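Q:
Residue numbers (our numbering), protein chains in the order written: chain A, 2 to 135; chain B, 209 to 359.
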C-alpha cells in the first residue's frame, strides 16, 4: 500500500510531464528545401517515432528514433530506411542512423542554428562517429 | 525416529518462503539498478562522444565501480539480503563477487591472498560467459551458413 502511495503520484507526474513536453516529431533542417518530400518518406513507416534530418548540399543525415517495441529490429529497420533513401537520392551522400547519440546531436545542431561550413563539418563528424565500433 | 517421519516434521516446522514477495523485491531492485545503468549510459552519450553502440563499455565499468564502493562500505550486502537475485544478476553483482573476495582474502597477502582468490567466484562467471558466447556464436554461424538468418 505504501509503495502504491509513492509510485502512483510519480507515474502521474511523469505522464503529465511527457504530455506537456510534446515537441515537433519530424524536423528537417538545412539548405535544400525538400522538407515535405523527406517527411513523406519517413511518415510512411509507422515504426518511426521521431526524426531529425540535417542536410547541407549533397550530404544528408537522417537521425531516427524507433518506437519501443520495434527496437528489437533496429538494425534491420535502419538498413531498410537507408536503402530507401539511397534509392530516392542517388546522388546524395545519405546516412540513416537510429542511434540516440546521433539524434541528440542532430537536435542540438537545429537548436544552436549552426550553418554553412560548420554544419558541413558537423555532419561529417557525426557520420564518422556513427561508424565507430569500439 | 524414522527418516520419513523426520521429513514430515521438518516440513511442518519450516516456514514457507514468501516467493511472491521475494520475486517482487528482486524485480524492483533489479529494475532500479538497470534504470541507474541506463542513466549512466545516457550521461556518457550526452556529455561524451559515445554512441549507443559504444556507451556500453564505460557504463559497465561505472556500474562495477559503484558496486565496488557499496561493497567496500558494506552496503551491497544489505541490498543483496533484501533483493536476492535482483542484485546478483546485473553486472553490479559480478563486481560485488570480485571485490568482496578481494576484501575477504586481504589478510593472506597480496599475491596468494588477493591475487589467488580474486576470481574465486567470479571466475566461473567469466568461464561460462566465454563458453556460452562461443557456442551461441557457433550456432549463429551455422544458421547464417545455412541461410536461415542473416548477420
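For each residue, glycine too, the CB sits at the ideal point set by N, CA and C. For clarity, every value in this text was computed on a predicted model and none was experimentally measured.
Suppose you measure from the CA of residue 48 (chain A) to the CA of residue 67 (chain A); what does that come to, to the nearest Å?
A: Here residue 48 (chain A) is taken as the residue at index 47 of the first chain, counted from 1. Here residue 67 (chain A) is taken as the residue at index 66 of the first chain, counted from 1. Cα to Cα, residue 48 (chain A) sits roughly 6 Å from residue 67 (chain A).
Q: Is residue 49 (chain A) helix, strand or coil by DSSP?
A: The residue labelled residue 49 (chain A) in the question sits at position 48 within the first chain. Of the three classes helix, strand and coil, the one that applies to residue 49 (chain A) here is strand, per DSSP.
Q: Cβ of residue 295 (chain B) within 7 Å of Cβ of residue 307 (chain B)?
A: As a position in the second chain, residue 295 (chain B) is number 87, starting the count at 1. As a position in the second chain, residue 307 (chain B) is number 99, starting the count at 1. Contact: no.
Q: For residue 120 (chain A), is the classification buried or exposed, using 16 other Cβ atoms within 10 angstroms of its Cβ as the cut-off for buried?
A: If you number the first chain from 1, residue 120 (chain A) lands on position 119. Burial call: buried.
Q: Is it the case that the segment 247 to 258 of chain B contacts the segment 91 to 105 of chain A, given that we only count it when at least three CB pairs across the two stretches are under 8 Å?
A: Verdict: yes, contact present.
Q: Considering residue 27 (chain A), what are the terminal residues of the beta strand (DSSP E) in which it resides?
A: Locating residue 27 (chain A) in the first chain gives position 26, where the first residue counts as 1. Segment 27 to 31, the beta strand (DSSP E) holding residue 27 (chain A).
Q: Which stretch, first to last residue, makes up the beta strand (DSSP E) that contains residue 62 (chain A)?
A: Taking the first residue of the first chain as 1, we reach residue 62 (chain A) at position 61. Element bounds for residue 62 (chain A): 60 to 67.
Q: How many angstroms separate the CA atom of residue 126 (chain A) from the CA atom of residue 28 (chain A)?
A: To locate residue 126 (chain A), count along the first chain from 1; it is residue 125. To locate residue 28 (chain A), count along the first chain from 1; it is residue 27. Their Cα atoms are separated by approximately 20 Å.
Q: Give me whichever residues DSSP pairs with residue 98 (chain A) in a beta bridge.
A: If you number the first chain from 1, residue 98 (chain A) lands on position 97. Residue 98 (chain A) pairs with A:64.
Q: Could you tell me which chain B residues have their CB closer than 8 Å to the CB of residue 133 (chain A), listed as they occur along the chain?
A: On the first chain, position 132 is the one that residue 133 (chain A) refers to. Residues of chain B passing the Cβ test: 259, 261 and 262.
Q: Check the C-beta distance from residue 299 (chain B) over to residue 272 (chain B) and give it rounded, since I have them as a contact under 8 Å.
A: Here residue 299 (chain B) corresponds to residue number 91 of the second chain, with the count starting at 1. Here residue 272 (chain B) corresponds to residue number 64 of the second chain, with the count starting at 1. Between residue 272 (chain B) and residue 299 (chain B) the Cβ distance is about 6 Å, and since that is below 8 Å, they are a contact.
Q: Using Cβ-Cβ distances below 9 Å, what residues of the segment 330 to 347 of chain B are close to chain A?
A: Hits within the stretch: zero.
Q: Residues of the segment 77 to 94 of chain A in Cβ contact with chain B at a cutoff of 7 Å, in chain order, please.
A: Taking 7 Å as the Cβ-Cβ cut-off against chain B, none of the residues of the segment 77 to 94 of chain A qualify.
Q: Would you call the segment 91 to 98 of chain A and the segment 50 to 61 of chain A touching, i.e. three or more CB-CB distances under 8 Å?
A: Enough Cβ pairs lie closer than 8 Å, so yes.
Q: Helix, strand or coil: which one does DSSP assign to residue 272 (chain B)?
A: Taking the second chain and counting its residues from 1, one reaches residue 272 (chain B) at position 64. Residue state, collapsed to three classes: helix.
Q: Closer than 8 Å, Cβ to Cβ, to anything on chain A: give me those residues from the segment 298 to 327 of chain B, in chain order.
A: Listed by position, the residues of the segment 298 to 327 of chain B near chain A (Cβ gap below 8 Å) amount to none.
Q: Report the rounded CA-to-CA distance for residue 274 (chain B) versus residue 227 (chain B), giving the unit in angstroms.
A: As a working mapping, residue 274 (chain B) is identified with position 66 in the second chain. As a working mapping, residue 227 (chain B) is identified with position 19 in the second chain. Those two C-alpha atoms are separated by around 29 Å.
Q: Could one say the Cβ of residue 100 (chain A) lies closer than 7 Å to chain B's Cβ atoms, at least one of them?
A: Walking along the first chain from the start, residue 100 (chain A) turns up at place 99. Yes - at least one Cβ of chain B is within 7 Å of the one on residue 100 (chain A).
Q: Please confirm whether residue 310 (chain B) and residue 326 (chain B) have their CB atoms less than 7 Å apart.
A: What you label residue 310 (chain B) is simply residue 102 of the second chain in a count that begins at 1. What you label residue 326 (chain B) is simply residue 118 of the second chain in a count that begins at 1. Taking 7 Å as the Cβ cut-off, residue 310 (chain B) and residue 326 (chain B) qualify as a contacting pair.
Q: Any chance the CB of residue 248 (chain B) is under 6 Å from a heavy atom of the ligand NAP?
A: The model on display carries no ligand, and the ligand NAP is accordingly not part of it.
Q: Determine the direct distance from the alpha carbon of residue 347 (chain B) to that of residue 357 (chain B), and round the result to whole angstroms.
A: Stepping through the second chain from its first residue, residue 357 (chain B) is reached at position 149. Stepping through the second chain from its first residue, residue 347 (chain B) is reached at position 139. Those two C-alpha atoms are separated by around 11 Å.
Q: Below 8 Å on the Cβ atoms is my contact criterion, and I expect residue 234 (chain B) with residue 291 (chain B) to pass it. Report the Cβ-Cβ distance as a whole number of Å.
A: Sequence index remark: in the second chain, residue 234 (chain B) carries index 26 (1-based). Sequence index remark: in the second chain, residue 291 (chain B) carries index 83 (1-based). Between residue 291 (chain B) and residue 234 (chain B) the Cβ distance is about 5 Å, and since that is below 8 Å, they are a contact.
Q: Around the Cβ of residue 50 (chain A), are there at least 16 other Cβ atoms within 10 angstroms (buried) or fewer (exposed)?
A: Your numbering for residue 50 (chain A) matches position 49 in the first chain. Classification of residue 50 (chain A): exposed, given that the 10 Å Cβ count is below 16.
Q: With DSSP as the reference, label residue 322 (chain B) as helix, strand or coil.
A: By one-based count along the second chain, residue 322 (chain B) stands at place 114. Helix at residue 322 (chain B).
Q: In the structure shown, what three-state DSSP assignment does residue 57 (chain A) receive?
A: As a working mapping, residue 57 (chain A) is identified with position 56 in the first chain. Looking at residue 57 (chain A) - three-state DSSP - the assignment turns out to be strand.
Q: When Cβ atoms are compared, which residues of the segment 268 to 285 of chain B fall closer than 8 Å to chain A?
A: If the cut-off is 8 Å between Cβ atoms, the segment 268 to 285 of chain B has nothing near chain A.
Q: Residue 103 (chain A) touches chain B at which residues, Cβ-Cβ below 8 Å?
A: Here the question's residue 103 (chain A) lines up with position 102 in the first chain. Residues of chain B passing the Cβ test: 259.
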